[in-house]
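Shown next, in structure tokens, is the structure this report addresses.
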Amino acid sequence: MPSTQMISPAAPFTTVRREPDRAAAQPARWPAHTVSSERVSVAVYAPDPILYVGTVQQLRHRPEIELVTDAHLDTARVSLVVVDVVDDETSLLLKRLRHNSATRTGVVVGTFESGDALQRTLNLGVAAVLRRAEADQDKLIRLVSAIANGEGVLPGDLLAKLLTHVGGLQSSSLDPQAVSLSTLTAREAEMLRLVSEGLDTREIARKTAYSERTVKNVLHEVITRLQVRNRAHAVGYALRKGLI
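Okay, so the sequence shown: first residue is 1 according to my numbering, each after it adds one.
Structure, rendered in structure tokens:
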């Protein structure tokens with residue numbers, strides 16, 4: 001019976017199907033969704049089939065893990081997002097998972113370019129981080145168990161990087177111009193969020209009960225203040241900064 005890669009519905013996270021494992025003793029590749037509550041249900045998300053297959057192979061035969069099918073992704077107790085870097089597409093996925101009360105999320109990542117990138121990831125509701133290069137079977141299992149138990153996991157050097165970054169932000173907060181460039185009002189954040197969902201000016205005006213002129217003025221102010229090119233660029237910037 002073919003299995004289906006568990007992915008986010010947002011591009012570029014795409015479904016990959018593999019040929020049946022003819023050597024398997026089980027009649028079905030994945031366990032049934034209704035299993036003992038002692039097992040932790042896990043959904044694996046990856047933009048690349050190699051990343052996906054590698055992670056699944058590490059987890060699939062462990063008795064404490066239930067790898068959920070694509071029909072039950074949103075019910076998984078733990079979601080593992082496996083990526084090279086946390087880019088805009090990954091941020092959109094993490095944002096969606098953050099609003100799913102059924103799951104807690106961990107990221108297995110190749111690298112963080114900066115403390116700012118790490119903080120943005122944590123701001124998107126990520127409970128635990130593991131470097132891909134260190135993600136052997138035992139560490140993946142410990143990561144899943146920690147997430148399921150409500151714990152946070154962050155390698156020591158990444159914690160030090162995060163603390164250094166936060167300290168730098170506190171220092172820069174004394175500069176009013178720096179604050180104005182890195183924050184959004186509630187109204188601005190809401191309008192950018194609606195832009196990220198594909199709404200146009202008229203639809204945003206209807207959703208927010210503002211006039212179309214006000215919507216245009218607010219978004220123009222955001223684009224000018226953030227020094228970006230257009231609405232899409234403003235959305236990307238806000239997502240990277242964890243502002244929406």
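Virtual Cβ for every residue (Gly too), placed ideally from N, Cα, C.
Here the structure is a predicted model, which is why all the values come from computation and not from measurement.
C-beta atoms of residue i and residue j nearer than 8 Å
i: residue 226; j: residue 234; result: yes
i: residue 192; j: residue 222; result: yes
i: residue 83; j: residue 42; result: no
i: residue 247; j: residue 190; result: Nothing about residue 247 can be read from this structure; the chain reaches only from 1 to 244.
i: residue 124; j: residue 94; result: yes
i: residue 244; j: residue 196; result: yes
i: residue 109; j: residue 142; result: no
i: residue 238; j: residue 184; result: yes
i: residue 240; j: residue 91; result: yes
Separation of residue j from residue i, as counted between CA atoms
i: residue 188; j: residue 96; result: 20 Å
i: residue 103; j: residue 73; result: 9 Å
i: residue 186; j: residue 107; result: 28 Å
i: residue 138; j: residue 88; result: 30 Å
i: residue 60; j: residue 99; result: 27 Å
i: residue 105; j: residue 236; result: 21 Å
i: residue 198; j: residue 112; result: 28 Å
Assigned exposure category for residue i - 16 Cβ within 10 Å defines buried
i: residue 121; result: buried
i: residue 50; result: exposed
i: residue 211; result: exposed
i: residue 101; result: exposed
i: residue 24; result: Only weak support is given to the placement of residue 24: the predicted model assigns it a pLDDT of 41, under 50, and the question is left unresolved by the model.
i: residue 55; result: buried
Rounded Cβ spacing between residue i and residue j (contact assumed at less than 8 Å)
i: residue 117; j: residue 78; result: 23 Å between Cβ atoms; not a contact.
i: residue 66; j: residue 44; result: So it is not a contact: roughly 12 Å between Cβ atoms.
i: residue 126; j: residue 155; result: Not quite, the Cβ-Cβ distance comes to about 13 Å (not below 8 Å), so this is no contact.
Same chain, Cβ closer than 6 Å to residue i, neighbours up to 5 away in sequence not counted
i: residue 217; result: none
i: residue 81; result: 45, 107
i: residue 58; result: 137, 140
i: residue 75; result: 102
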